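See structure below.
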Amino acid sequence: MINWKIQLKGTWTLLKKELMRFWRVVFQTVAAPVITGILYLLIFSHVLDSRTEVYEGVPYSAFLIPGLIMMSLLQNAFANSSSSLVQSKVMGNIVFILLTPLTYIQFFIAFLIASIVRGLFVGLTIYLLAIIYIDLPLMHPWFIISFSILGGALLGTFGILAGIWADRFDQMAAFQNFVIMPLSFLSGVFYSIHSLPPVWQSISKFNPFFYMIDGFRYGFFGQSDISPFISMGIVLTFFIILASLSIRLLKTGYKLRG
Numbered sequence: 001m002i003n004w005k006i007q008l009k010g011t012w013t014l015l016k017k018e019l020m021r022f023w024r025v026v027f028q029t030v031a032a033p034v035i036t037g038i039l040y041l042l043i044f045s046h047v048l049d050s051r052t053e054v055y056e057g058v059p060y061s062a063f064l065i066p067g068l069i070m071m072s073l074l075q076n077a078f079a080n081s082s083s084s085l086v087q088s089k090v091m092g093n094i095v096f097i098l099l100t101p102l103t104y105i106q107f108f109i110a111f112l113i114a115s116i117v118r119g120l121f122v123g124l125t126i127y128l129l130a131i132i133y134i135d136l137p138l139m140h141p142w143f144i145i146s147f148s149i150l151g152g153a154l155l156g157t158f159g160i161l162a163g164i165w166a167d168r169f170d171q172m173a174a175f176q177n178f179v180i181m182p183l184s185f186l187s188g189v190f191y192s193i194h195s196l197p198p199v200w201q202s203i204s205k206f207n208p209f210f211y212m213i214d215g216f217r218y219g220f221f222g223q224s225d226i227s228p229f230i231s232m233g234i235v236l237t238f239f240i241i242l243a244s245l246s247i248r249l250l251k252t253g254y255k256l257r258g
């Protein structure tokens, strides 16, 4: 018979370890991405605020904030789980986690929640700093919350997969620089895809980051490039697929057990 109290305690212990890992270097894991996001906002809003209007009645600086929040949230959710796994593999201390009676489901849940928490913390900090200077409406808060959590979960799962695959820090850096960064920058953070030529609009719709950012932005303005319900369905489908693959690899111990 499963002792759920012991199971929950084990999951919480690993989750606490992951939370403390990024909190001990908070200036690197939280302050740095927040400063980067605010700098993007200051530079782009200063240059384009009086020249560009993406949504009717919405200043460009206000349009930009949700994109920057979500981009930072996604990048940091990915970085948390991926860097933790790669660091544990390189330093050899992954064995101390694998020797515990934790199941692969507990392993997955702890890493996933830690990634979501870091992403949400970074995103919330950028939001609180941005609204000091710019008035930002909240038309559909539940969409904001839903896309924040689901986006963090999707990228946290993506980070677990990348962390399992990578054996060295340079492999992880290449994955982040050549996959995560391009997908996030080309997802409509700084523009609406309707401003692109038709062929690039079609290509953008193959980018899962676009749906997370577009749906998240809808929660603020009630306007989006496509229906937020379609975006929610696509993001949820991507999460289920990646989560299933991640759990499968953790169960088999692929590239984790010697």
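Following UniProt numbering, the residues of the sequence shown are numbered contiguously, the last one being 258.
Cβ atoms here follow ideal geometry from the backbone N, Cα and C, with glycine treated the same way.
Since we're looking at a predicted model, the values are computed, not measured.
Contact belief for residue i with residue j at Cβ below 8 Å, rounded distance in angstroms
i      : j      : result
Ile38  : Ile126 : 7 Å
Ala166 : Phe175 : 6 Å
Gly151 : Val235 : 7 Å
Ser146 : Met232 : 7 Å
Phe221 : Pro137 : 7 Å
Arg257 : Leu99  : With a Cβ gap of about 11 Å, Arg257 and Leu99 do not count as contacting.
Tyr55  : Gln223 : 5 Å
Close Cβ partners of residue i (< 8 Å) along its chain, the five nearest in sequence each way excluded
i      : result
Ala173 : none
Trp142 : Gly219
Phe239 : Leu150, Ala153, Leu154, Thr157
Length of the line joining the Cα atoms of residue i and residue j
i      : j      : result
Trp200 : Trp12  : 44 Å
Val26  : Tyr60  : 30 Å
Leu183 : Asn207 : 7 Å
Ile144 : Pro66  : 9 Å
Leu102 : Leu245 : 19 Å
Gln7   : Leu250 : 17 Å
Tyr40  : Ala77  : 19 Å
Met1   : Trp23  : The predicted model places Met1 with a pLDDT of 46, which falls under 50 and marks its position as unreliable; any figure quoted below should be read in that light. Looking at the two C-alpha atoms, the distance is approximately 36 Å.
Gly123 : Val47  : 23 Å
Leu14  : Leu73  : 22 Å
Ala162 : Ile69  : 23 Å
Ile131 : Ile230 : 29 Å
Gly57  : Ala243 : 39 Å
Thr237 : Met20  : 31 Å
Thr252 : Ile160 : 14 Å
Ser195 : Ser204 : 12 Å
Classification of residue i by the beta-carbon crowding that lies within 10 angstroms, buried from 16 upward
i      : result
Leu42  : exposed
Ile193 : buried
Pro197 : exposed
Pro33  : buried
Glu18  : buried
Leu128 : exposed
Proximity test, residue i beta-carbon vs the ligand MG heavy atom, cut-off 7 Å
i     : result
Ser83 : For the ligand MG, the structure offers nothing, since it holds no ligand at all.
Own chain partners of residue i with C-beta closer than 6 Å, once the 5 adjacent residues on each side are dropped
i      : result
Lys255 : Ile164
Pro228 : Phe143, Gly215, Tyr218
Met71  : Ser184, Val189
Ile134 : Ser61, Ala62
His140 : Gly219
Arg118 : Phe22, Asn76, Asn80
Ile247 : Phe108
Close-in-space but distant-in-sequence residues of the same chain around residue i (CB under 7 Å, 5 per side omitted)
i      : result
Phe121 : Val30
Three-pair Cβ contact test at 8 Å for the stretch 202-213 versus the stretch 78-96: no
Segment contact, 8 Å Cβ cut-off, at least three pairs: the stretch 185-192 with the stretch 106-116: no
Inter-stretch contact (C-beta, 8 Å, three-pair minimum) for the stretch 72-85 and the stretch 147-160: The stretch 72-85 is in contact with the stretch 147-160.
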